[in-house]
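Engineer: Supplied in structure tokens, the structure appears directly below.
Residue numbers (mature numbering (1 follows the signal peptide of the UniProt record, and there is no 0)): -22 to -1, 1 to 685.
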């Protein structure tokens, strides 16, 4: 017995026209003139198991024509023939050229009383599997439409899975769910270098404070984490947690006219606490810090930064989540796409990535198959075999629908998809499935939570962790990594990464000159510049790159060559001598460097000085090197030398600086003249001394005679 009905989406005129028996042009005209919304609000039970189970379908129909309407009927449509594969299910739901199921009997229709403009009427139908002709395990088409004069005006399609207890149970496939907690970078440098900033974090925008509260994207992610099964594997970007941790203290947000100070954000602390608590017993994978575009780094010569991102990501995630078991050996690349270069780069990292989570287009079956392939397979890398896990595109899409839909319809589709997979011809052994929505998804918490609960109760599914899925006997051959020219165009470009590379090189120099040669304090900032988030926002990425570059340059300039009197040249007195060159260290750490000096005019001045012993300079101190120089005989005047500071491994530190040297012109002839003059002067002095002694002797003799 069937009495009333419900449907959830509104079908457009183009979708509805092919569903009617009348001529297409007439039907289209009626649809345009008489728009209605049909909604299915409930189907209980969602999986009937016995022939006598009473299935109730309820819903509403709304008059959106703008005028009163009468003569309306709501009809429940179904058929006893199950779908044969997932492709036919997808076509039924999306292709308007596929007709709705038939109307089995008069009990499948009910009249709707006249509806005023904007008015809604409820409907309800009931039936049993035996009445609907359902006999075997499978997925069956269901639809509800509203008609007038036998012309269908609007309809909603869905699926009903029948799982009779009397038939053998289908294989229990393993299902792993991977959910991302990934965002874009929100800081340039770690702290604001401006005077008076007191080391506070400097943010380039204030989007995080909006995202973690109310209906914000990250607030929704946290809501999902609170109720997610423990088997769900979470991929977290440590730079996001790092940013939010910085917001738990006073911080600054850049504005057009400077930076605005903000007080500690209590919501940031609450969000972090929620995630730490919710993920405490769940598998957690740290993506490389700031989620760098690994493929672009591999192709543009910035290979080393991938390894650094994996290292820093692991360190930060473990510290900020207060746990030591965060994985870094699993990688989920941008868009789920890798090529062999990027795979090799990941495999040779210090943490040796041994598993990658990929998009189905990146690793298709070869030859193509008509059934659902096992999610796990093996790839060859330069460092040995790597496990590849391929996400199921349709199941993943249900966790992140591209168009508005209801929880009910998505749940019915999820039940139907997973049931169809277990019933596919030829399956005798359980297979593995992976769900992975897009990495920067904007989820519906109610929908996602309901789908995960549904997955946990379906008899043909077994929830498991991502790490537990391994290639097995059910694996199918797959083509190699399929990476198209269009995929390559989506990467961060060489033009974008060129200034990033320059900033990265300079940032490393600030660490190389320190006595301890520690990691650069700019590593996190540089990695934020390589984030795959800038693929769709290169303008913002370039702005952040400029800010980091300015901060790196300012830090490099804290090691400088000292000019005693910038307005006066340094003097080389004589043809051979030494000119002192001093270096001041304001870097905040002891440094060790070398000085290289070359003449810019060898006809006037000979100098080719390469320091052999390092120059060590303490914090806030200066160091001096005496540089030997030789002036060309018979010349004098001003010339220049180039002074270049260098690291211990010979890398140039900062820009070369020119110093003016004044030669006095003293040559060998000048020395002879000066020597002769000294001889004459000495002879005159001796003569005068002898004369005075003779005069004193004569005076004494005369005095003695008088006495």
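For glycine and all other residues, C-beta sits at the position ideal for the given N, C-alpha and C.
Computed from a predicted model, the values in this text were never measured in an experiment.
Which stretch, first to last residue, makes up the alpha helix (DSSP H) that contains residue 294?
Structural biologist: Translated into positions along the chain shown, residue 294 becomes position 316. Its alpha helix (DSSP H) spans residues 282 to 299.
Engineer: Does the region 227 to 245 come into contact with the region 422 to 430, if we say contact requires no fewer than three beta-carbon pairs (one atom in each stretch) closer than 8 Å?
Structural biologist: Verdict: no, contact absent.
Engineer: For the alpha helix (DSSP H) containing residue 558, list its first residue and its last residue.
Structural biologist: Within the chain shown, the letter at position 580 stands for residue 558. Per DSSP, residue 558 belongs to no alpha helix (DSSP H); it is in the beta strand (DSSP E), 554 to 563.
Engineer: If I measure Cβ to Cβ from residue 443 and keep anything under 7 Å in the same chain, skipping five residues before and after, which residues do I get?
Structural biologist: By one-based count along the chain shown, residue 443 stands at place 465. Result list for residue 443: 154, 209, 211, 261, in chain order.
Engineer: Hey, could you find the ends of the beta strand (DSSP E) residue 20 is sitting in?
Structural biologist: The residue given as residue 20 occupies position 42 in the chain shown. Here the beta strand (DSSP E) through residue 20 covers 14 to 22.
Engineer: According to DSSP, is residue -8 part of a helix, a strand, or is it coil?
Structural biologist: Counting from 1 along the chain shown, the entry for residue -8 is found at position 15. Annotation note: pLDDT 31 at residue -8 (below 50); position unreliable, coordinate value reported separately. Residue -8: helix per DSSP, three-state reduction.
Engineer: Could you give the first and the last residue of the continuous alpha helix (DSSP H) run that contains residue 581?
Structural biologist: Locating residue 581 in the chain shown gives position 603, where the first residue counts as 1. Neither: residue 581 is in no alpha helix (DSSP H) and is coded neither H nor E.
Engineer: With DSSP as the reference, identify every bridge partner of residue 438, one or two as the case may be.
Structural biologist: One-based indexing of the chain shown puts residue 438 at position 460. Partner(s): none; residue 438 has no beta bridge.
Engineer: Where does residue 35 land, buried or exposed, given buried means 16+ other C-beta within 10 angstroms?
Structural biologist: Sequence index remark: in the chain shown, residue 35 carries index 57 (1-based). Counting Cβ neighbours within 10 Å, residue 35 comes out buried, since at least 16 surround it.
Engineer: What runs of the alpha helix (DSSP H), each 4 residues or longer, lie entirely inside the region 74 to 158?
Structural biologist: Whole alpha helix (DSSP H) segments, 4+ residues: 107 to 110.
Engineer: By DSSP, does residue 223 sit in helix, in strand, or in coil?
Structural biologist: Here residue 223 refers to the residue found at position 245 when the chain shown is read from its first residue. Residue state, collapsed to three classes: helix.
Engineer: So, is residue 649 buried or exposed, given that buried needs 16 or more other C-beta atoms within 10 angstroms?
Structural biologist: Indexing the chain shown from 1 puts residue 649 at position 671. With a pLDDT of 46 at residue 649, under the threshold of 50, the modelled position of this residue cannot be trusted; read the value that follows with caution. When all chains shown are included, residue 649 counts as exposed.
Engineer: When the Cα atoms are used, what is the spatial distance from residue 122 to residue 225?
Structural biologist: Walking along the chain shown from the start, residue 122 turns up at place 144. Walking along the chain shown from the start, residue 225 turns up at place 247. When rounded, the distance between both Cα atoms is 51 Å.
Engineer: Report all residues from its chain with a CB closer than 8 Å to the CB of residue 325; omit the five preceding and five following residues, and keep chain order.
Structural biologist: One-based indexing of the chain shown puts residue 325 at position 347. Contacts found: 331, 332, 359, 360, 361, 362, 364.
Engineer: Answer yes or no: do residue 377 and residue 426 have a C-beta to C-beta separation smaller than 7 Å?
Structural biologist: Here residue 377 is taken as the residue at index 399 of the chain shown, counted from 1. Here residue 426 is taken as the residue at index 448 of the chain shown, counted from 1. Yes; because the gap between Cβ atoms is below 7 Å, this pair is in contact.
Engineer: Quick one: is residue 364 near chain B, going by C-beta distance under 7 Å?
Structural biologist: The chain inventory of the structure shown lacks chain B, comprising one protein chain alone.
Engineer: Which parts of the region 610 to 648 are runs of the beta strand (DSSP E), unbroken and 3 residues or longer, counting only runs that do not cross its ends?
Structural biologist: Segments of the beta strand (DSSP E) lying fully in the region 610 to 648: 615 to 624, 630 to 641.
Engineer: Within 10 Å of its beta-carbon, does residue 157 have 16 or more other beta-carbons around it, so buried, or fewer, so exposed?
Structural biologist: On the chain shown, position 179 is the one that residue 157 refers to. Per the 10 Å Cβ criterion, buried.
Engineer: Which value, in whole angstroms, describes the spacing of the CA atoms of residue 597 and residue 292?
Structural biologist: Reading the chain shown from its first residue, position 619 is the one you call residue 597. Reading the chain shown from its first residue, position 314 is the one you call residue 292. The alpha-carbon atoms of residue 597 and residue 292 are separated by roughly 32 Å.
Engineer: Secondary structure at residue 655, three-state DSSP: helix, strand or coil?
Structural biologist: Locating residue 655 in the chain shown gives position 677, where the first residue counts as 1. With a pLDDT of only 47 at residue 655, under the threshold of 50, the placement of this residue in the model should not be trusted, and no figure is reported.
Engineer: Thinking C-alpha only, which one of 490, 482, 102, 508 is nearest residue 38?
Structural biologist: Residue mapping note: residue 38 aligns to position 60 of the chain shown, counting from 1. Per the Cα distances, 102.
Engineer: Helix or strand or just coil, what does DSSP make of residue 374?
Structural biologist: Position 396 of the chain shown, counted from the first residue, corresponds to residue 374. Residue state, collapsed to three classes: helix.
Engineer: Restricting to Cα atoms, I'd like to know which of 96, 99, 98, 142 is closest to residue 111.
Structural biologist: For this step, residue 111 is matched to residue 133 along the chain shown. Cα-wise, what sits closest to residue 111 is 142.
Engineer: For a test of the three-state rule: what should DSSP assign to residue 522, helix, strand or coil?
Structural biologist: Numbered from 1 along the chain shown, position 544 holds the residue referred to as residue 522. Residue 522: helix per DSSP, three-state reduction.
Engineer: Count the other C-beta atoms from every protein chain shown that fall within 10 angstroms of the C-beta of residue 556, then say buried if there are 16 or more, exposed otherwise.
Structural biologist: The residue labelled residue 556 in the question sits at position 578 within the chain shown. So residue 556 ends up on the exposed side.
Engineer: Which one or two residues does DSSP pair with residue 362 in a beta bridge?
Structural biologist: Residue numbering aside, residue 362 sits at position 384 when the chain shown is read from its first letter. Paired residue(s): 359.
Engineer: Is residue 275 near the ligand COA - that is, is its Cβ less than 6 Å away from at least one heavy atom of it?
Structural biologist: The ligand COA is absent from the structure shown, which contains no ligands of any kind.
Engineer: Are residue 503 and residue 526 closer than 7 Å when you measure CB to CB?
Structural biologist: As a working mapping, residue 503 is identified with position 525 in the chain shown. As a working mapping, residue 526 is identified with position 548 in the chain shown. Their beta carbons are under 7 Å apart, which means residue 503 touches residue 526 by this criterion.
Engineer: Taking residue 86 and residue 53 to be in contact with their CB atoms under 8 Å, please state how far apart those CB atoms are, rounded to whole angstroms.
Structural biologist: Along the chain shown, one-based indexing puts residue 86 at 108. Along the chain shown, one-based indexing puts residue 53 at 75. The pair is a contact, with the Cβ atoms about 6 Å apart (cut-off 8 Å).
Engineer: According to the Cβ coordinates, are residue 636 and residue 547 closer than 7 Å?
Structural biologist: Here residue 636 refers to the residue found at position 658 when the chain shown is read from its first residue. Here residue 547 refers to the residue found at position 569 when the chain shown is read from its first residue. No, these two residues do not count as a Cβ contact at 7 Å.
Engineer: Leaving aside the five residues before and after residue 535 along the sequence, list all residues of the same chain whose C-beta is less than 8 Å from its C-beta, in chain order.
Structural biologist: One-based indexing of the chain shown puts residue 535 at position 557. Cβ neighbours of residue 535 beyond the five flanking positions: 632.
Engineer: How close, in whole Å, do the beta carbons of residue 186 and residue 221 come, if the pair is a contact with beta carbons under 8 Å?
Structural biologist: On the chain shown, residue 186 is found 208 positions in, with the first residue counted as 1. On the chain shown, residue 221 is found 243 positions in, with the first residue counted as 1. Rounded, the Cβ-Cβ distance is 6 Å, consistent with contact.
Engineer: Spatial neighbours of residue 33 within its chain, please: CB distance less than 6 Å, with the 5 preceding and 5 following residues excluded, ordered by chain position.
Structural biologist: Residue mapping note: residue 33 aligns to position 55 of the chain shown, counting from 1. So the qualifying residues of the chain are 26, 105.
Engineer: Secondary structure at residue 305, three-state DSSP: helix, strand or coil?
Structural biologist: Mapped onto the chain shown, residue 305 falls at position 327. If DSSP states are grouped into helix, strand and coil, residue 305 belongs with the strands.
Engineer: Name the DSSP bridge partner or partners of residue 34?
Structural biologist: Along the chain shown, one-based indexing puts residue 34 at 56. Answer by DSSP bridge pairing, in chain order: 22, 104.
Engineer: Within a Cβ cutoff of 7 Å, which residues of the same chain sit near residue 408, ignoring the five residues on either side of it in sequence?
Structural biologist: Taking the chain shown and counting its residues from 1, one reaches residue 408 at position 430. For residue 408, where only same-chain residues beyond five positions count, the Cβ hits under 7 Å are 149, 150, 151, 152.
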